[in-house]
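Peer 1: Residue numbers (the working numbering), protein chains in the order written: chain D, 72 to 500; chain C, 72 to 500. Have a look at the structure that comes next, please.
This is the structure:
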């Protein structure tokens, strides 16, 4: 397949008149400055975006928690109530529709931070990975690359106590049993497996190295300092911040991604150099987390990625704009990340173990997103500015691994994703 | 005309099965809980939104100032360069397309904070209100209610100096001459005239009462403490904050709207009780202004409204979500404004002199916005949460003063607003 793009976003930024040749699931040539020819992709063609942090089932809460006030912690009670009702069948149906929404928005991969492993009271399903397979099937049907970040979740907090009813579904008992379950999880197709430590709250320090050692070369994610309360408890119990604790446990560095990384000390930022950090700005706004030090982290050598997390919003453009905008609010100045840095962060498939995807370049995975540059939102912008004006509603076509999954704003494999969302959410709530 | 709405947003929040009868430009009856009948408006019908702070020509900069870094003040240089190129003909064409974009997004009125009055070097046009009439014509063609907030702009800053080349186009020389020009401005149709003091930077303290006294019962707006530098200069020159200065000049109170109100002291907040404040959250993010004390102002009895200001984003849902979200970021907790308060702020036509508009209620102006509740963005939300999930792309139908201007997402009077935007911006830049 060969396409001529009016504009294409190359690793250095937008270029005009770019011919892209795709063979199978790979881009085999990229030629900028070519006269118009053959099959034209009007508008701006970007690399597919990576949704590096997802809890698919949180989508059920969108538009249902705004009247209540409260905090992150009271919101979590609502979220647990949904988690309690999921089973492999309903989770397949919910995640399939959520992943379809993601592809329609321009995401071509998703890192699913998955911890709802077991049935009520923590009883394993007949196949203990039944929930993971439901997610893998959902992703396959929706046409999105999946990294199942299988999440170890053992304790309710740093200071002991009993797992709540909902949390008992998350626990494998200990990290060894977590590892042996995950060893048996072998999804097919465009799916990979990574690991996650839910947080320093949910895995005892002495068991964290078991997860790290299982991960070995695979992505290893952890929620990190999203809330001040986590930092305070970690200091009380371990005399160290969560980043310090993870550093001391040998967890940081290549392959590690700290999710949120909101409330960090300067020392934490330095320790995270060489690791990744996944910001989820629209969720961090929704949950009142605060504004993390994104620019400071990038300057310290942290690889930034983006995720839609709770799916209050599913829109890669909203996340990349918010990364920059919230830095502007905190700093009271403009232009902290270049548009090229923002697009690169939003296309950081490497953070979830797809290092070959996320660039329009020879040899890269053929994941493309075509954005309408003639909508009321994008009209008048220069190509460099389009990612900061566009929204998910401007995504026209999406190719994943060499196959069109979205054309003219319609998902080719799932007829009515919004109706599927409404139906399964109605059933779960 | 009689419509049956699946859901309609009444002054207390959403209700199911609402019959609305419109006679001419007014709503004459609203009956909730009625069985489905007649002409059905599926989804959620909201009151039309008020864009209480607009500089139409700033739309030309969307997607063109992100590579430069800098501050509010360097951005302003770029903005002045566009201002210098406008004339009544190009401003008509630009504003017509910008206002069409607004109506498509669900705005049914706009408060145009208008200060580009004169030709190069401040020479008046043959009709000194030619630019104002261009804006009035643009609004009429786009089908949006206009309040032209004619803006007095006389000085480059609090500490003296010469007006720049661009700024000379803004000045009438003194406030008396400003008032006599505005006296002659009599737009027709759905247009009203209000007044603005650009800021305490741009109008000498002793001339501000002239503008206040001209306004007499009409809206009077002023940029207020958007930047710390303004506060600092005002303290140096007047020994008072901008809010204190305006209070001492007798400007605050009914009819007054402070725009931005970002960097306020507790005393400023108290002084503003009984006035209005217009937040422009997406612009305040874009320009790195900071997060203003919206909840504190509301609690002090300030009437909040919303505007898209620089039009980096034109989406009433983005503004109302951002008002709440940025408060969450600052406070690190959730739920500062109820959805009903947020919709009321976004529909505050009263802030720009249309007190009869902005409610779905008997006797109110017939401005309605029908939102798709079956998009991937809104599906699954409860009606109360829809305004926090929807985007401008979910707006299906818009009625202004009893006439449909947008149907099925298409502007009925302007065929290709995005193409018009692109063409005139290309010409201006």
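Ideal placement from N, C-alpha and C gives every residue a C-beta, glycine not left out.
#1: Just mark residue 111 (chain C) as buried or exposed, buried being the case when its beta carbon has 16 or more other beta carbons within 10 Å.
#2: Are any of the Cβ atoms in chain C nearer than 7 Å to that of residue 431 (chain D)?
#3: Round the Cβ separation of residue 322 (chain C) and residue 279 (chain C) to the nearest angstrom and send it over; I've been treating them as touching at under 8 Å.
#4: Please give me, in chain order, every unbroken run of the beta strand (DSSP E) with length at least 3 that falls completely inside the region 348-423 of chain C.
#5: Judging by CA-CA distance, which residue of C:416, C:353 and C:398 is the nearest neighbour of residue 385 (chain C)?
#6: Using a Cβ cut-off of 9 Å, pull out every chain C residue sitting near residue 139 (chain D), in sequence order please.
#7: How is the beta strand (DSSP E) around residue 125 (chain D) delimited, first residue to last?
#8: Any C-beta of chain C within less than 8 Å: which residues of the region 115-143 of chain D qualify?
#9: Report the start-end ranges of each beta strand (DSSP E) in the region 244-304 of chain D that is 3 residues or longer and not cut off at the edges.
#10: Which chain C residues sit within Cβ distance under 8 Å of residue 362 (chain D)?
#11: Between which two residues does the alpha helix (DSSP H) carrying residue 144 (chain C) extend?
#12: Could you tell me the alpha carbon to alpha carbon distance between residue 289 (chain D) and residue 216 (chain D), rounded to whole angstroms?
#13: Using DSSP's beta-bridge definition, name the partner residues of residue 183 (chain C).
#14: Evaluate residue 448 (chain D) with the Cβ neighbour count: other Cβ atoms within 10 Å of its Cβ, from every protein chain shown; 16 or more gives buried, anything less gives exposed.
#15: Check whether the Cβ atoms of residue 209 (chain D) and residue 167 (chain D) lie closer than 7 Å to each other.
#16: Taking its Cβ as the centre, do 16 or more other Cβ atoms sit within 10 Å of residue 313 (chain D), making it buried, or is it exposed?
#17: When you compare each of C:181, C:238, C:148 and C:496 to residue 189 (chain C) by their alpha carbons, which one comes out closest?
#18: My guess is that residue 274 (chain D) and residue 226 (chain D) are in contact by the Cβ rule of under 8 Å, so how many angstroms apart are they, rounded?
#19: Span of the beta strand (DSSP E) holding residue 464 (chain D)?
#20: Between residue 91 (chain C) and residue 172 (chain C), what straight-line distance do the alpha-carbon atoms span, to the nearest angstrom?
#21: For residue 356 (chain D), would you say it is in contact with chain C, using Cβ-to-Cβ distances shorter than 7 Å as the test?
#22: Pull the bridge partners of residue 513 (chain C) from the DSSP assignment, please.
#23: Taking the continuous beta strand (DSSP E) assigned at residue 98 (chain C), which residues delimit it?
#24: Suppose you measure from the CA of residue 427 (chain D) to the CA of residue 154 (chain C); what does that come to, to the nearest Å?
#25: Within 7 Å (strictly less), CB to CB, does residue 516 (chain D) reach chain C?
#26: What residues from the region 457-478 of chain D come within 7 Å of chain C, judged by C-beta to C-beta, listed N to C?
#27: Contact defined as beta carbons within less than 8 Å: I believe residue 392 (chain C) pairs with residue 459 (chain C). What is the distance between those atoms, to the nearest angstrom?
#28: For residue 390 (chain C) and residue 366 (chain C), what's the separation of their Cα atoms in angstroms?
#29: Check whether the Cβ of residue 423 (chain D) lies closer than 7 Å to any Cβ atom in chain C.
#30: Inspect the CB distances between the region 88-107 of chain C and the region 437-455 of chain C and report whether three or more fall short of 8 Å.
#31: Taking contact to mean at least 3 C-beta pairs separated by less than 8 Å, is the region 179-193 of chain D in contact with the region 122-130 of chain D?
#32: With a threshold of 8 Å, are at least 3 pairs of Cβ atoms found where one atom belongs to the region 326-341 of chain D and the other to the region 97-110 of chain D?
#33: Looking at the secondary structure, which residues open and close the beta strand (DSSP E) in which residue 439 (chain D) lies?
#34: If contact is defined by three or more beta carbon pairs under 8 Å, each pair taking one atom from either stretch, is the region 468-479 of chain C in contact with the region 131-142 of chain C?
Peer 2: According to the data block:
#1: exposed
#2: no
#3: 6 Å
#4: 374-377
#5: C:353
#6: Those are 405 and 406, listed as they occur along chain C.
#7: From DSSP, the beta strand (DSSP E) with residue 125 (chain D) extends over 120-125.
#8: 130, 131, 133, 134, 135, 136, 137, 138, 139, 140, 141, 142 and 143
#9: Entirely contained in the region 244-304 of chain D, the beta strand (DSSP E) runs reaching 3 residues are, in chain order, 262-268 and 291-295.
#10: 400
#11: 143-156
#12: 16 Å
#13: C:125 and C:219
#14: buried
#15: yes
#16: buried
#17: C:238
#18: 7 Å
#19: Where residue 464 (chain D) is concerned, there is no enclosing beta strand (DSSP E), given that its DSSP letter is neither H nor E.
#20: 26 Å
#21: yes
#22: The structure shown has nothing for residue 513 (chain C), since chain C only spans 72 to 500.
#23: 97-102
#24: 46 Å
#25: Residue numbering for chain D in the displayed model covers 72 to 500; residue 516 (chain D) lies beyond these limits and cannot be assessed.
#26: 457, 459, 460, 462 and 464
#27: 5 Å
#28: 15 Å
#29: No, no contact with chain C.
#30: yes
#31: yes
#32: no
#33: 439-442
#34: no
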